[in-house]
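Remarks on the structure that follows.
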Amino acid sequence: MTTLLEIDALTVEFSGVTAVSDVTLRIAAGETVALVGGSGAGKSTVARAIAGLVSPAAGTIRFEGEELGAASRRRRRQLRRGMHLVFQDSYAALPPTMRVADIVAEPMVIHRQGDSASRRAAAVAALESVRLTPTATYLDRFAHELSGGQRQRVAFARALVTRPRLLLADEPASGLDASLRLEIVDLMTELAQTQGLAVLHITHDLALAARSCSTIVVMQDGREVESGPTADVLNAPAHDYTAALVAAASG
Ligand SMILES: Nc1ncnc2c1ncn2[C@@H]1O[C@H](COP(=O)(O)OP(=O)(O)OP(=O)(O)O)[C@@H](O)[C@H]1O
Ligand SMILES: [Mg+2]
572 MTTLLEIDAL TVEFSGVTAV SDVTLRIAAG ETVALVGGSG AGKSTVARAI AGLVSPAAGT
632 IRFEGEELGA ASRRRRRQLR RGMHLVFQDS YAALPPTMRV ADIVAEPMVI HRQGDSASRR
692 AAAVAALESV RLTPTATYLD RFAHELSGGQ RQRVAFARAL VTRPRLLLAD EPASGLDASL
752 RLEIVDLMTE LAQTQGLAVL HITHDLALAA RSCSTIVVMQ DGREVESGPT ADVLNAPAHD
812 YTAALVAAAS G
């Protein structure tokens, strides 16, 4: 497997206060890595730093072998087209006055890709890949005409339409009920397997992480306290905090 994303010693500060400290992380193409930890641990900040929404105070982020901090602004923008961030409440934030076909195709418009016919075709393909089929029954609907699970699938279709190699999924299923949550997580696993997509899955839920991810990284108070293959982390947690999470997850 080729390493797609390499983060070394990432530190992020907000007004001098450290939110993320010395985080190191690797994700290969086709791999799903879970970033777990309690509220305020720094998980979203890691994703935001990768996506370029916040600037690191220290450390490096390499995407496809290129260090983002060392690249020109233009090159950085190009590289970041290879990744897409999906938020917890992205389904609530889908533009209310746009139809599904346009919502899904919008990132292509933003990136100035294709013409209207090819964008529509890409939107149809993206809807197929998230199993919103037959696509014709969804294309002309508005977000409020969809269920919560369908809306989150639309958010994923929109994330996939520009064919990113890395999906940063920040609590993508936490607003959904238990069965939909599993559906969304299984969808991410399937996309990783069938499309070679690398996924960083941020979640509070260790059980959910264990279901889909090959590697688990545990954060607490801005620091990485443990990381390793899922089975190792679950069966033999090396850190008290992880052990507490495992105990809580197994009820
Ligand atoms: N824009 C910001 N300005 C100042 N502080 C911030 C900002 N964003 C995050 N923080 C702080 O950084 C720390 C980490 O926040 P972050 O959102 O990364 O946590 P998280 O692990 O995603 O938590 P949750 O599970 O609640 O989403 C918190 O103490 C938070 O208050
Ligand atoms: Mg968060």
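With this note's numbering as the guide, the letters of the sequence shown map in order to residues 572 to 822. Glycine included, C-beta positions come from ideal geometry on N, C-alpha and C.
{"Query": "Between residue 739 and residue 632, what straight-line distance do the alpha-carbon atoms span, to the nearest angstrom?", "Result": "14 Å"}
{"Query": "Residue 602 and residue 769 look like a contact to me (Cβ under 8 Å); what is the Cβ gap, rounded to whole Å?", "Result": "6 Å"}
{"Query": "State the DSSP-derived secondary structure class of residue 678, mapped to helix, strand or coil.", "Result": "helix"}
{"Query": "Classify residue 621: buried if its beta carbon has 16 or more other beta carbons within 10 angstroms, exposed otherwise.", "Result": "buried"}
{"Query": "Examine ligand 2 and report whether any of its heavy atoms sits within less than 8 Å of the Cβ of residue 773.", "Result": "yes"}
{"Query": "By a C-beta neighbour count over all protein chains shown, 10 Å radius and 16 as the cutoff for buried, is residue 787 buried or exposed?", "Result": "buried"}
{"Query": "To the nearest angstrom, report how far apart residue 623 and residue 658 are at their CA atoms.", "Result": "15 Å"}
{"Query": "Is the beta carbon of residue 658 within less than 8 Å of some heavy atom of ligand 1?", "Result": "no"}
{"Query": "For residue 729, which residues does DSSP report across the bridge?", "Result": "Answer is none; residue 729 lacks a bridge partner."}
{"Query": "Could you round the C-beta distance between residue 647 and residue 639 to whole angstroms and report it? I think they count as a contact, below 8 Å.", "Result": "5 Å"}
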